[in-house]
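Step one of this worksheet: look at the structure below.
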Amino acid sequence: FIYVGRLSEEKGIDTLIEAFSREEVRNIKLKIYGSGPMENKIKDILNTKGLLNIELLGFRPREEVVKAMSSAIALVFPSICLESFPMTIIESFSAGTPVIASDFGNMKSLVEEGNTGLLFEKGNPKDLAEKILFLYHNRELAYEMGKNAREEYLQKYTPEVNYNLLMQIYEEAINTNT
Numbered sequence: 305f306i307y308v309g310r311l312s313e314e315k316g317i318d319t320l321i322e323a324f325s326r327e328e329v330r331n332i333k334l335k336i337y338g339s340g341p342m343e344n345k346i347k348d349i350l351n352t353k354g355l356l357n358i359e360l361l362g363f364r365p366r367e368e369v370v371k372a373m374s375s376a377i378a379l380v381f382p383s384i385c386l387e388s389f390p391m392t393i394i395e396s397f398s399a400g401t402p403v404i405a406s407d408f409g410n411m412k413s414l415v416e417e418g419n420t421g422l423l424f425e426k427g428n429p430k431d432l433a434e435k436i437l438f439l440y441h442n443r444e445l446a447y448e449m450g451k452n453a454r455e456e457y458l459q460k461y462t463p464e465v466n467y468n469l470l471m472q473i474y475e476e477a478i479n480t481n482t
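Its first residue numbered 305, the sequence shown is counted upward by one per residue in this note's numbering.
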């Protein structure tokens, strides 16, 4: 499993760490890519609790992160703040990796439950741990969700698709004014 993003409270880092520190999840690996104001606090928690299943990797080159993302069972996106358009989810889809996200804001509209990933109750580490365990024990389903996520990316989020949509908007605007 992988987390990519800022290490700050509003990103749901506490929920993420708490979920992966639960006894039933302690044998499942999590790679955390990113930095931020909670970095030292996270290091202290990992050391104090002896959480060897969580690897704090800091800021790394994009190629390394994309490679790790594409080989992960799922990306975990535990944000507790309103995200306008979380690019990390789209990047995960482009890598063919399903997403476990908070059932909140735009995450709920981007991640289709059971198709491109799973949703968990915002701020609920127990629910998040259950979703992690589910995909961990159902790798074939995670793989299928990853394929669906990649297809979703190709249909909706590629630069070409966005360019065509923009051109369509311009065309409609021009035709409306003539």
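Glycine included, each C-beta is placed from N, C-alpha and C at the ideal position.
Could you compute how far the alpha carbon of residue i sits from the alpha carbon of residue j?
{"i": "Pro402", "j": "Leu379", "result": "6 Å"}
{"i": "Ala446", "j": "Tyr307", "result": "16 Å"}
{"i": "Pro463", "j": "Leu422", "result": "26 Å"}
{"i": "Leu386", "j": "Phe408", "result": "7 Å"}
{"i": "Asp431", "j": "Tyr467", "result": "38 Å"}
{"i": "Asn452", "j": "Gly400", "result": "8 Å"}
{"i": "Met449", "j": "Ala376", "result": "12 Å"}
{"i": "Arg326", "j": "Ala433", "result": "7 Å"}
{"i": "Gly354", "j": "Asn442", "result": "27 Å"}
{"i": "Ala477", "j": "Lys460", "result": "22 Å"}
{"i": "Asn479", "j": "Arg366", "result": "41 Å"}
Quick one, which of the options has its alpha-carbon nearest residue i's?
{"i": "Asn419", "options": "Gly409, Ile473 and Leu439", "result": "Leu439"}
{"i": "Lys333", "options": "Lys315, Lys345, Met342 and Leu361", "result": "Leu361"}
{"i": "Phe324", "options": "Lys371, Asn466, Lys435 and Pro390", "result": "Lys435"}
{"i": "Tyr457", "options": "Thr392, Ala405 and Ile473", "result": "Thr392"}
{"i": "Val370", "options": "Glu322, Ser396 and Asn351", "result": "Ser396"}
{"i": "Glu359", "options": "Ile404, Asn351 and Ala405", "result": "Asn351"}
{"i": "Leu414", "options": "Glu425, Pro429, Gly309 and Ile394", "result": "Ile394"}
{"i": "Arg364", "options": "Gly309, Lys426 and Glu328", "result": "Gly309"}
Quick one: what's residue i bridged to in DSSP?
{"i": "Gly362", "result": "Tyr337"}
{"i": "Ile317", "result": "Looking at the DSSP assignment, Ile317 forms no beta bridge with any residue, so it has no partner."}
Measure how close the beta-carbons of residue i and residue j come, nearest whole angstrom, since I'm counting them as under 8 Å.
{"i": "Ser383", "j": "Lys315", "result": "5 Å"}
{"i": "Asn410", "j": "Phe389", "result": "6 Å"}
{"i": "Glu343", "j": "Leu320", "result": "About 13 Å; that fails the 8 Å criterion."}
Check whether the Cβ of residue i lies closer than 7 Å to any Cβ atom in chain D.
{"i": "Val329", "result": "Although the question refers to chain D, the structure presented lacks it and comprises just one protein chain."}
**Q.** Ordered list of alpha helix (DSSP H) runs contained in the stretch 365-412, each at least 4 residues
**A.** 366-375 and 391-398
Q. Can you give, in chain order, each stretch of the beta strand (DSSP E) that sits fully within the stretch 412-480 and has at least 3 residues?
A. 421-424
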